[in-house]
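In the numbering used here, the protein residues as written are 46 to 334. For each residue, glycine too, the CB sits at the ideal point set by N, CA and C. Note that this is a predicted model, so its numbers are computed, not measured.
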Ligand SMILES: [Fe+2]
C-alpha cells in the first residue's frame, strides 16, 4: 500500500483520474487535478476558505434555473468564457470576430422581413442596423439568417421583466440576393449583470465595474461558414473599456449616427429622429484557417 503524503497526493490523484476510458476525459481530469492542487498549494488554502468556496458553488447551483445561468455568469466574469471563445474561433483577421453568447439567447425568435421593426412598440429611440453579409473574398452571402437579440432602453431583457412571456426585442432577418440586411429596433442601453446572486456577492467585494456597454447580439449560423456569435457595440457608450464579461472588441464598435425624420434606410419614412448603424458581417468558410 502506498501511503498518502502532501508530496505524493497529486500524482496519486492524477493517476486515478487518468484511468478514464476516454483519452480526452483522462487528459482533462488529470490536468484539472494538477491545477487544483497547485492552486491550493500556492495560496496555502485553509479549511475555512475551502468550505467557503464549496458553499459558494452550492449557492451558484441553487440560484440557477432554466432562465438564470449563474455558472455561465461566473465563467464570463472570470474571463474564462471569452478565453474559450478566442481559442476556438481563430478567424482570419478580415472576418467578423466572435464573442460570448451570453445567457439571454432564446431559440425560435420570430422571422421578420427587410427593415421590419423588432421592437414592436417597446419604447425607445428607433435604431436601424443595416449592411451586408459577405465572405472573405467580398462575395455576398444571400439567404443568411441573422438571429438578433438585445436589451431594452432600460437595459433589461424580457426574462428580467415581470409579466412578459412572449419574445421581445429579438428576431431573425434574412439577407437578400445581394447579401444585404436591414433590421429596425430601438437603441439598447448598457446594463448591470445580475448582482443579487453569488457572482454579484464576489464582485461587490472588488473594484470591478459590473456593467456591460450598450450592444446588440447577433448569431449567424450559415451552412458552409464558421458559425458566428458576436455583438455590435455602440461607439462612445459607457463601459466600453471595462465590459464585465470581456466581450468588447474594437472591430465590433460601430457609430450609432443621429438622423432626422425622413426616409429610413429601407425607404420608408420615419416620422421621428432615428439612429443608423452600418455594419458588414464577414463570414469565414468552414475549414479555412
Ligand atoms: Fe446582452
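- By the C-beta density criterion, residue 224 is buried, having at least 16 other C-beta atoms within 10 angstroms.
- When DSSP states are grouped into helix, strand and coil, residue 59 belongs to the helix group.
- Remark: the C-beta of residue 292 is outside contact range of ligand 1, defined as less than 6 Å to any heavy atom.
- Taken through DSSP and simplified to helix, strand or coil, residue 290 comes out as coil.
- Within the same chain, Cβ atoms closer than 6 Å to the Cβ of residue 322 are found at 174, 299, 301, the five residues on either side in sequence being excluded.
- In the DSSP assignment, residue 106 falls within the unbroken alpha helix (DSSP H) covering 92-108.
- The DSSP-derived three-state label of residue 86 is helix.
- Listed in chain order, the non-local C-beta contacts of residue 176 below 8 Å within the same chain comprise 225, 226, 323, 324, 325, 326, local neighbours out to five positions each way being set aside.
- Taken through DSSP and simplified to helix, strand or coil, residue 149 comes out as coil.
- By alpha-carbon distance to residue 271, the top candidate from 328, 75, 147, 58 is 328.
- At a cut-off of 6 Å, the beta-carbon of residue 63 does not count as near ligand 1: no heavy atom of the ligand is closer than that.
- Fewer than three pairs of CB atoms, one per stretch, sit closer than 8 Å, so the stretch 245-258 makes no contact with the stretch 187-194.
- 266 is the residue among 196, 266, 82, 197 whose C-alpha sits nearest the C-alpha of residue 217.
- Less than 7 Å separates the beta-carbon of residue 319 from that of residue 171.
- The Cβ-Cβ distance between residue 194 and residue 215 falls below 7 Å.
- In the assembly as shown, residue 231 is a buried residue. Its beta-carbon has 16 or more other beta-carbons within 10 Å.
- Within the stretch 131-212, the runs of beta strand (DSSP E) at least 3 residues long that lie entirely inside it are, in chain order, 171-180, 190-195.
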